[in-house]
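One structure below.
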Amino acid sequence: PAAADAQERLSVFDSTGWALEDQVVMELLLERAAELGIGSRIQIEQSTSDPRDPYEFLSAAGAAEIARRVHGAGRR
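FYI, in the working numbering the residues of the sequence shown are 44 to 119.
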């Protein structure tokens with residue numbers, strides 16, 4: 044009975060994180076690149092000022108903020 048009830052409910056899943064396997068492979072690649080003295084660090088994920096809104100970068104203001112971080116004071 045509980046399974047039948049669950050099938051009638053709407054579920055929403057927001058996967059905004061990395062899979063464990065992806066993280067492990069990335070760490071291995073970074074380690075190997077460091078050993079070989081090759082590669083460049085780049086930002087490959089978006090960051091938002093509001094952790095409850097991972098899609099902030101889709102708005103014009105969010106895009107401007109990310110551009111400021113990438114090209115402004117946040118440059119490494």
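Even glycine gets a Cβ: it sits at the ideal position worked out from N, Cα and C.
Cα-Cα separation between residue i and residue j, rounded to whole angstroms
i	j	result
G82	L71	13 Å
A103	I109	10 Å
E78	P97	34 Å
G80	A62	27 Å
I85	V113	10 Å
E51	L73	45 Å
M69	R75	10 Å
L53	R95	21 Å
Q66	T91	20 Å
E99	A107	11 Å
Residue i classed as buried or exposed, judged by whether at least 16 other C-beta atoms fall within 10 angstroms
i	result
R111	exposed
Chain B within 9 Å of residue i, Cβ atoms only
i	result
G115	Of the protein chains in the structure, only one exists, and it is not chain B.
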